[in-house]
Every structure is written in C-alpha cells, then in structure tokens.
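Student: There's a structure below that I have some questions on.
Residue numbers (the UniProt record's numbering): 1 to 310.
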C-alpha cells in the first residue's frame with residue numbers, strides 16, 4: 001500500500017486520534033550503488049485536542065525487518081511476528097498497548113517508544129480480537145469455507161427482502177443495539193438504490209443452498225456516470241468472520257467493470273475498524289477528509305478504488 005500524505009483518523013470509543021506513518025534512513029555512497037542504513041518506520045499518534053504526542057519507532061536490525069525495497073511499505077517483522085502498520089486495526093492495537101503501558105495523551109510530553117518492545121503483545125492482542133469476533137447470541141454461525149460462497153448479480157426485484165433483512169440486522173449488531181428495523185422500513189432503503197437507475201445492481205453472496213449471506217447495493221454517481229457508488233454493503237452477523245465479506249470485496253470490482261464503471265466509491269464509519277480494514281486490504285484508498293454523518297454525527301470516510309478494464 002502506498003504511503004499517504006497527512007494524518008489519518010482513528011476513532012476509539014468516540015474519541016478521535018490522528019496518526020501518520022513515515023520512513024527514514026541514511027544514504028551512503030562509495031562510488032557504487034547507494035547503501036541504506038538505519039531504516040526506520042515511524043508511527044506517530046496524537047489525540048484530538050490533547051497536547052501529548054506519541055511516536056513508535058521500528059528500526060531495522062538483526063531479526064528485525066522494515067521496508068527496504070523488498071518488504072512492502074508499512075510491513076515490519078520481528079522473528080515470527082508480523083505487523084502491517086498501514087492497517088487501522090494494527091494501529092489501534094499498538095495504541096491500546098501503549099495506553100496500557102502508561103502513555104497518557106493529556107500529558108504534554110513527547111513520548112518515544114521502541115515499537116519492537118510492543119510487537120509481540122500487539123500480535124497477541126490481534127489474535128485475541130479475531131478469536132473474540134463472534135456473532136451476536138441467537139444468530140446462526142456460518143462455518144462454510146469462503147470458496148463455497150457464490151457472488152452474482154440479482155435479477156430485478158430478486159433478493160430484496162433478504163438484503164434488507166441483512167442490512168437491518170447487521171447495522172443493529174454493528175451499533176450494539178437490540179432494536180432491529182422491520183422489513184417495512186429496511187426494504188425501501190435498499191429498493192431506492194436498485195430502482196434509481198437502469199445501471200443500478202444488487203450483488204448477492206449465496207451459500208450452496210442459495211441462502212443470501214451478504215450483499216452490495218450499487219448505483220452510478222449522479223454527477224459522474226463512470227463512478228459506481230456502493231451505497232450499502234453488509235454481511236449477515238451470523239456469517240461474520242467466515243470470509244463472506246472478503247468474497248464480496250474480491251468479486252465487486254469485476255462486476256463494476258463489466259457494468260462499464262471505471263471507479264468505485266463507498267463510505268464507512270471510522271469507528272468501524274473491521275470494515276475500514278476490509279476495504280483497505282482490498283485496495284480501496286481514503287479519498288478526501290472525514291466528515292460527520294448528517295444524522296448520526298459519526299465521522300465517515302469516503303473510499304475510492306480504480307477499476308481495471310473488463
């Protein structure tokens with residue numbers, strides 16, 4: 001993933017942090033090709049409105065690898081431990097570990113930590129988070145392998161009820177509420193997208209029995225017909241962690257390109273790191289600055305993907 005200029009936003013329990021990743025090294029010339037020494041990845045974090053500054057340094061050394069032209073940007077390796085410092089979930093885990101070890105954003109001091117000292121603990125945090133990422137009680141878990149999911153374009157009017165039900169249950173689970181919108185309210189939300197344009201589409205992810213496990217509702221951008229606006233994308237909470245979201249994201253670009261789009265865009269709440277991480281791992285890049293959602297007030301980030309011609 002290429003480096004982004006400027007700070008990125010991470011929302012933790014409705015508290016906004018800004019973080020950036022940079023690289024530094026020394027260059028030496030001896031008449032031949034240049035030699036690079038002291039390669040270091042620098043992760044800087046601060047909390048909005050607080051004076052404290054935190055930087056975590058990952059310097060290359062024996063058994064400690066950082067980007068040097070071979071390893072990708074943001075990748076750091078210590079023994080068997082690997083972190084991708086571009087991923088919000090990794091930054092969140094590093095931040096949590098730094099806070100657990102005593103860093104206080106309200107302290108005006110500029111604190112520098114050896115990132116390698118946090119590495120193993122952060123890897124364990126990430127593994128624990130994956131183990132604990134279970135579906136809400138009462139929802140049937142989906143344990144089929146990702147390869148058993150088939151993604152296709154639904155016919156006009158097909159699978160609207162299933163998509164609307166998934167959207168209602170997924171948003172309730174995401175927001176931690178037991179109040180699930182009824183079908184009478186959820187269906188028009190999806191239907192208005194699929195009916196808005198002849199180029200609108202509803203992608204559905206089906207298991208071998210034809211049960212809809214996830215969907216994406218897409219329409220062309222009003223001011224730019226070459227850009228697809230992915231208005232809604234969701235996976236049934238009972239299938240979270242089973243690879244359905246990954247399969248949708250893998251199939252989505254090809255379907256958009258076949259429909260004649262050159263770019264795709266979507267919005268995501270920044271306090272939903274699971275979704276942010278999914279999109280970034282599939283090549284979607286932040287576009288513009290985060291803005292508050294007009295109704296919820298939660299920070300929302302626009303993401304954009306350049307599509308390969310069909």
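Glycine residues also receive a C-beta, built at the ideal position from the N, C-alpha and C atoms.
Note that the structure is a prediction, hence the values are computed from the model and not measured.
Taking 8 Å as the threshold, find out whether the region 232-248 comes into contact with the region 167-179 through three or more Cβ pairs.
Tutor: Cβ pair count under 8 Å is three or more, so yes.
Student: Determine, using beta-carbon pairs with one atom in the region 268-278 and one in the region 201-221, whether at least three such pairs fall under 8 Å.
Tutor: As far as the Cβ criterion goes, the region 268-278 does not touch the region 201-221, which means the pair count is below three.
Student: If you follow the alpha helix (DSSP H) that residue 160 is in, where does it begin and where does it stop?
Tutor: It spans 160-175 - the alpha helix (DSSP H) in which residue 160 sits, taken as one unbroken run.
Student: Taking all protein chains shown into account, do 16 or more other C-beta atoms lie within 10 angstroms of the C-beta of residue 117, making it buried, or fewer, making it exposed?
Tutor: Under this definition residue 117 is an exposed residue.
Student: Along the chain, where does the alpha helix (DSSP H) containing residue 262 start, and where does it finish?
Tutor: No alpha helix (DSSP H) holds residue 262; DSSP gives it neither H nor E.
Student: State yes or no: is the C-beta of residue 205 within less than 8 Å of the C-beta of residue 151?
Tutor: Against a cut-off of 8 Å, the Cβ pair of residue 151 and residue 205 comes out as a contact.
Student: Using 8 Å as the threshold, is the region 174-192 in touch with the region 248-265, meaning 3 or more CB pairs across them?
Tutor: Result no; under three Cβ-Cβ pairs closer than 8 Å.
Student: Going along the chain, which residues of its own chain have a beta-carbon closer than 6 Å to the beta-carbon of residue 77, five neighbours each way excluded?
Tutor: Correct list, in chain order: 65.
Student: Give the DSSP bridge partners of residue 344, in chain order.
Tutor: Residue 344 falls outside the range modelled here, since the chain spans only 1 to 310, and no answer is possible.
Student: Name, in chain order, the residues that DSSP records as bridge partners for residue 84.
Tutor: For residue 84, which the question treats as bridged, DSSP gives the partners 75.
Student: What three-state label does DSSP hand residue 116 in the structure shown?
Tutor: If DSSP states are grouped into helix, strand and coil, residue 116 belongs with the helices.
Student: Among the residues of its own chain, which have a CB less than 7 Å from the CB of residue 92, if the five just before and after it don't count?
Tutor: For residue 92, where only same-chain residues beyond five positions count, the Cβ hits under 7 Å are 10, 12 and 273.
Student: For residue 230, collect the residues of the same chain with a Cβ closer than 8 Å to its Cβ; drop the 5 residues on either side in sequence, then sort them by chain order.
Tutor: Excluding residues within five positions, the ones whose Cβ falls inside 8 Å are 216, 217, 218, 252, 264, 265 and 266.
Student: With a threshold of 16 other CB atoms inside 10 Å of the CB of residue 200, please say whether the residue is buried or exposed.
Tutor: Burial call: buried.
Student: Out of 211, 103 and 197, which has the shortest C-alpha to C-alpha gap to residue 223?
Tutor: Selected option, being the one with the closest Cα: 197.
Student: Out of 183, 95, 149 and 305, point me to the one whose CA is closest to residue 209's CA.
Tutor: That would be 149, whose Cα lies nearest to the Cα of residue 209.
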